[in-house]
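Comments concern the structure below.
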Amino acid sequence: MIKKFLILAVCLGMVGEAVQGQSSQHTRNNLSSLLQKAEEEFQSHNFQNAIETHTALIDLALAAEENYYAYRAYTAIGTIYREVLKDSAKARTHYENALEQALLTESDSLLAGAYSSMGDLYSEYNNTHKKAIEFYEKSIEINKKSGFDDIKNISAYTKIGNAYLALEQPSEAAPYLLKAKSLLKGEEQPLTVRLEIRFLMGKYYMQIDKYALAKKELKEVAALAETHDLIILGAATHKYLAIVNEMRGDYKEANANLRKEALFNDRIYSLERVDEMQEAGAKYELAQFQRELDLAEDSKAYSEELVATTNLLNVIFVSAFVISLIVLAGFVFLLLSRKKYVDRLSEKNKQLTKAKNEAEKLSKLKSQFFSTVSHEIRTPLYGVIGLSSILLEEEKLGKHQEDLVSLKFSADYLLALINDVLLMNKMDADGVTLEQNPFRLSKLIKNVTQSFAFSLEQNDNKMHVEIDEDIPDYLIGDSIRISQILMNLVGNAVKFNEHGNIWLQIKLYDQPEKDLYDITFVVKDDGIGIPKDKQKIIFEVFSQVEIRNYEYQGTGLGLPIVKKLLSLHGSEIHLESELGDGATFSFQLELQANPAMHLKTDVSKIEDIKLENTAFEDIHILVVDDNKINQKVTQKILESRNFRCSLADGGNQAVQLAKEHSYQLILMDIHMPDKDGIQTTREIREFDMTTPIVALTAVEADEIRTVIYQAGMDDLILKPYDVSQFLNTILRNLKHIHASAI
Numbered sequence: 004m005i006k007k008f009l010i011l012a013v014c015l016g017m018v019g020e021a022v023q024g025q026s027s028q029h030t031r032n033n034l035s036s037l038l039q040k041a042e043e044e045f046q047s048h049n050f051q052n053a054i055e056t057h058t059a060l061i062d063l064a065l066a067a068e069e070n071y072y073a074y075r076a077y078t079a080i081g082t083i084y085r086e087v088l089k090d091s092a093k094a095r096t097h098y099e100n101a102l103e104q105a106l107l108t109e110s111d112s113l114l115a116g117a118y119s120s121m122g123d124l125y126s127e128y129n130n131t132h133k134k135a136i137e138f139y140e141k142s143i144e145i146n147k148k149s150g151f152d153d154i155k156n157i158s159a160y161t162k163i164g165n166a167y168l169a170l171e172q173p174s175e176a177a178p179y180l181l182k183a184k185s186l187l188k189g190e191e192q193p194l195t196v197r198l199e200i201r202f203l204m205g206k207y208y209m210q211i212d213k214y215a216l217a218k219k220e221l222k223e224v225a226a227l228a229e230t231h232d233l234i235i236l237g238a239a240t241h242k243y244l245a246i247v248n249e250m251r252g253d254y255k256e257a258n259a260n261l262r263k264e265a266l267f268n269d270r271i272y273s274l275e276r277v278d279e280m281q282e283a284g285a286k287y288e289l290a291q292f293q294r295e296l297d298l299a300e301d302s303k304a305y306s307e308e309l310v311a312t313t314n315l316l317n318v319i320f321v322s323a324f325v326i327s328l329i330v331l332a333g334f335v336f337l338l339l340s341r342k343k344y345v346d347r348l349s350e351k352n353k354q355l356t357k358a359k360n361e362a363e364k365l366s367k368l369k370s371q372f373f374s375t376v377s378h379e380i381r382t383p384l385y386g387v388i389g390l391s392s393i394l395l396e397e398e399k400l401g402k403h404q405e406d407l408v409s410l411k412f413s414a415d416y417l418l419a420l421i422n423d424v425l426l427m428n429k430m431d432a433d434g435v436t437l438e439q440n441p442f443r444l445s446k447l448i449k450n451v452t453q454s455f456a457f458s459l460e461q462n463d464n465k466m467h468v469e470i471d472e473d474i475p476d477y478l479i480g481d482s483i484r485i486s487q488i489l490m491n492l493v494g495n496a497v498k499f500n501e502h503g504n505i506w507l508q509i510k511l512y513d514q515p516e517k518d519l520y521d522i523t524f525v526v527k528d529d530g531i532g533i534p535k536d537k538q539k540i541i542f543e544v545f546s547q548v549e550i551r552n553y554e555y556q557g558t559g560l561g562l563p564i565v566k567k568l569l570s571l572h573g574s575e576i577h578l579e580s581e582l583g584d585g586a587t588f589s590f591q592l593e594l595q596a597n598p599a600m601h602l603k604t605d606v607s608k609i610e611d612i613k614l615e616n617t618a619f620e621d622i623h624i625l626v627v628d629d630n631k632i633n634q635k636v637t638q639k640i641l642e643s644r645n646f647r648c649s650l651a652d653g654g655n656q657a658v659q660l661a662k663e664h665s666y667q668l669i670l671m672d673i674h675m676p677d678k679d680g681i682q683t684t685r686e687i688r689e690f691d692m693t694t695p696i697v698a699l700t701a702v703e704a705d706e707i708r709t710v711i712y713q714a715g716m717d718d719l720i721l722k723p724y725d726v727s728q729f730l731n732t733i734l735r736n737l738k739h740i741h742a743s744a745i
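Here it is as structure tokens:
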């Protein structure tokens, strides 16, 4: 009996495996059919259906963990956005997703293809050729490491050579072009590939002034292009032949080449007109599809919000009903109590109500006071910090460099003091909550240490940073609050130490779970130390240790802020110190690793762009500010990056200029006498809903963010600002030139 049961169990298991295998094969068949359908739609310029089919392919592939098909679909959608819609931002997003899927497949061939697609994207813009070369190099490296024949890299070699020629670096292009040319001998390649390489060799000879060789190569390519009716290559070849013949003094031949180029261009134009008409229709349909998709998503979000609001109202109603019952029961109880008790309770209630009203009034006055003081101090500080930053870049003022650095340091110190006061006030009102965002530990520590470069030099101190290698670089936590904690601790160490050393150590204490890390942060110095009897009171607000011979005694806010921020994290600060023997502050935080970032390490590098090297001559920005100094600072910063600027002294003038001219972006001050920035924005939005409007304000962002968005503004910059952050915010809002920002 047992034997029969075992035989039956084995048979059932085999049947289950067979059914599962058939199901997997059925899914792959569906994926293959969808892929074929999507490719046919793309070839027939039916881009809307192509995107819909590829999107369905992605959903099915991800659900079935079929990364190959997801890779193919992401790549195809990225190509539609790159080649058809010219939307490099969305193209990059889909190419990055394709790269993720290629990494998951562990297929070197797909990974090389993903890097090659990224290279194609970056090769289309003059200022990103070097980034394109990096991706092509990665593609070559993967193919070589995988043992593939070098013939697979002929396209990458050719594209790298072309990129270097576009950069006018022929010596860099030569090895790649010669390598591609040598591969032509080993295996038969399509005629177009062979002619493309020879054409680039002709351009190479032209750039190194070997015009005879250039003419010979280009002339042969031109002849073959005419024979095989390759009109695009023919036009390009005759264009460069005309340049070569002109350099050689053969003006007659140069004119002949120009005439042939014109003939080819006429044919290209005729063909392009047909393609453009087909693509225009496809683009219109695709744009309509995108609008319908956005509308559906907005409708879904609204429905979800409506459900959430309804649930909230139900909770409020039930709570109000329960509270009403409790109050009613209490009222009945009070009626049955003695009159004396009721009178006493009534008097107490009056006192409490009065105290509550007075407390609320004082709290409101306090908040208004801090808001006003913040604005009134930050506004002139914007001028001081901005002008000092601009003057530091002037080579003519080199002899005043030290004075300007000191000026900017003093202004930055005052700004930090204001921020500390505001943060303490906000924490007293329970207005600070922790956020969980991804960040890089190494970058956070670098920003903290660089902030004290001037102070370290001024006090002749040395900073030593040690980070445990077992701690992952990519973490999840409130990086802003962690930075504030470290800034205050390091700032104290720098401030009260001269000719000494400061250590910032980050150590792994424990790892209770796979992606959870208990991390110990230590800030240590070998300075004057803190007396034992002062080690508790220094964590109280406005408490200080009296120290002579130091320029800055501090406000007594730094350590109380540290203590309160650590309390929000469920942690506490520890101090070890002896008078004359330095001080050691330490605390522990539990932070979560961000493993998803390891797959995106290479992809994230594409964001590492230096905006200072980007020119924006075609961008016209309107600066609205009643303060002439602040106007001048903003104008100089923008014009130093080649933006075009117009100035408005108030809201009425800004509205008039916005009606008369077309601007790509408007920078709007909030507090202005004749008409504030909120009302000005509302009036502009009555006739212009598209131009980005970015608020410039010295008021705390949390206090005004909702108001400016409701008025129709798109973003906010808090004065005084970091120049790089200022430019990043502007670029983020210039959506129509997003392609030049990548």
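So the sequence shown is numbered by this note's numbering: it starts at 4 and just counts up by one.
For each residue, glycine too, the CB sits at the ideal point set by N, CA and C.
These numbers were taken from a predicted model, which means no experiment stands behind them.
Residue closest to residue i, alpha-carbon to alpha-carbon, out of the options
i: residue 664; options: 96, 45, 624, 321; result: 624
i: residue 68; options: 43, 241, 108, 141; result: 108
i: residue 168; options: 206, 528, 483; result: 206
i: residue 29; options: 57, 63, 46, 502; result: 63
i: residue 229; options: 247, 219, 250, 267; result: 267
i: residue 668; options: 626, 271, 476; result: 626
i: residue 777; options: 47, 73, 322, 99; result: In this structure the chain extends from 4 to 745, so residue 777 is not present and cannot be described.
i: residue 137; options: 637, 122, 657, 41; result: 122
i: residue 568; options: 337, 436, 263; result: 436
i: residue 521; options: 471, 321, 594, 673; result: 594
i: residue 691; options: 321, 251, 718, 661; result: 661
i: residue 465; options: 453, 471, 676; result: 453
i: residue 248; options: 271, 127, 221, 726; result: 221
i: residue 438; options: 483, 255, 313, 76; result: 483
i: residue 543; options: 566, 536, 530; result: 566
i: residue 722; options: 630, 308, 171; result: 630
i: residue 502; options: 332, 458, 689; result: 458
i: residue 170; options: 197, 128, 186, 657; result: 128
Cα-Cα separation between residue i and residue j, rounded to whole angstroms
i: residue 651; j: residue 628; result: 6 Å
i: residue 513; j: residue 478; result: 15 Å
i: residue 235; j: residue 203; result: 14 Å
i: residue 90; j: residue 80; result: 11 Å
i: residue 709; j: residue 210; result: 57 Å
i: residue 749; j: residue 140; result: Because the chain spans 4 through 745 in this model, residue 749 falls outside it and cannot be assessed.
i: residue 605; j: residue 516; result: Low per-residue confidence applies at residue 605: pLDDT is 39, beneath 50, and the placement is therefore not dependable, though the value from the model is reported in the following sentence. Distance between the alpha carbons of residue 605 and residue 516: 27 Å.
i: residue 539; j: residue 498; result: 20 Å
i: residue 678; j: residue 655; result: 7 Å
i: residue 451; j: residue 639; result: 28 Å
i: residue 155; j: residue 491; result: 56 Å
i: residue 583; j: residue 461; result: 21 Å
i: residue 269; j: residue 734; result: 38 Å
i: residue 265; j: residue 152; result: 41 Å
i: residue 746; j: residue 528; result: The structure shown does not extend to residue 746, since the chain is modelled only from 4 through 745, so no value can be given for it.
i: residue 84; j: residue 720; result: 31 Å
i: residue 148; j: residue 118; result: 15 Å
i: residue 112; j: residue 33; result: 23 Å
i: residue 588; j: residue 533; result: 11 Å
i: residue 120; j: residue 98; result: 7 Å
Residue i Cβ short of 7 Å to the ligand NAD heavy atom set
i: residue 534; result: The ligand content of the structure shown is nil, which means the ligand NAD is not present either.
CB-CB length for residue i against residue j, believed under 8 Å
i: residue 561; j: residue 494; result: 6 Å
i: residue 244; j: residue 260; result: 4 Å
i: residue 59; j: residue 37; result: 6 Å
Open item on the list: To test your reading of the DSSP string, which unbroken beta strand (DSSP E) runs of 3 or more residues are found completely within the stretch 685-709?
Closed with: 696-700
- [ ] Decide yes or no for the touch test of the stretch 679-687 against the stretch 639-646: beta carbon pairs closer than 8 Å, at least 3 of them.
- [x] The stretch 679-687 vs the stretch 639-646: no contact.
TODO: Say whether the stretch 503-518 touches the stretch 575-584, bearing in mind that this needs 3 or more beta-carbon pairs closer than 8 Å, one atom from each stretch.
DONE: no
Open item on the list: Does the structure place the stretch 96-112 close enough to the stretch 127-144 that three or more beta carbon pairs sit under 8 Å?
Closed with: no
Open item on the list: Using a Cβ distance threshold of 8 Å, determine whether the stretch 172-188 contacts the stretch 213-225, with at least three qualifying pairs required.
Closed with: No: fewer than three Cβ pairs fall under 8 Å.
Task: Start-end ranges of the alpha helix (DSSP H) lying completely within the stretch 462-498, minimum 4 residues - done: 482-498
TODO: Report the residue ranges of all alpha helix (DSSP H) runs contained in full by the stretch 118-206; include only those spanning at least 4 residues, in chain order.
DONE: 132-148, 157-169, 173-189
Task: Complete runs of the alpha helix (DSSP H) confined to the stretch 26-72 [at least 4 residues] - done: 50-66
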